[in-house]
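Numbering of the sequence shown is given in the numbering used here, commencing with residue 13 and proceeding in unit increments. Beta carbons: idealized from backbone N, C-alpha and C, even for Gly.
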Amino acid sequence: PPAGFRGRPEYNADDCIGCKACVEACPAIAIKVSDDAGARPPMRRLTLHYDKCVFCGQCELNCPTKQGIKFSTEYDLSTFDRTTLRNSVEHELLICQSCLAVVGARKHLLWVAERLGSKAYANPTLSVTAEGSMGLVEAAATGLPEPLPRNEMMRVLCPDCRRTVVV
């Protein structure tokens, strides 16, 4: 194939951060995401379906790391079994410690914190994720429906719970 040929897209497990930018950018809806919050640890699986892919290159173009998904030069995808036309990658999820909602992939939040540098300390979820457990509050989910007290600030919280604590 000539240079610049777009063959089969493939996830690079080391560089993919699980941000779902490729899922949002795919016009053919060929990339599926499934979050399993009940697993230990909670996991996110991104699955690329080659049988639906139109090889447009939007997933590679919109990847924030520019290396998470790349096009290979492999073009012969002939098969009798469509289930072999899959490529997937898994990432650990962060779960809100209050309402149990999915916050995002741990690797994505670490990537954002690294890019922000010292500015990441303005967001408690990023700083707690980057520094690990600070031991300020227990990590068990409470699932309380009432408003959270101010001392819940230094926990991994979803945007809705974070807004409740701040306001």
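Boundaries of the beta strand (DSSP E) around S46: I43 to D48. A distance below 6 Å between beta-carbons, with the five flanking residues on each side excluded, links P54 to the following residues of its chain, in chain order: L105 and I107. The segment 39–46 makes no contact with the segment 85–95: fewer than 3 CB pairs, one atom from each, lie closer than 8 Å. Each residue's CA atom was taken as its position, placing K78 and R57 some 19 Å apart.
Linking H120 to C75 through their CA atoms gives a straight-line distance of about 12 Å. The beta carbon of V168 is closer than 8 Å to those of L106, I107, C108, Q109, V115, T137, V140 and T141 in its chain, skipping five residues each way along the sequence. Counting only runs that start and end inside the segment 68–106, the alpha helix (DSSP H) elements of at least 4 residues fall at 70–74. Bounds of the beta strand (DSSP E) holding P21 are P21 to Y23. Per DSSP, reduced to three states, the secondary structure at R174 is helical.
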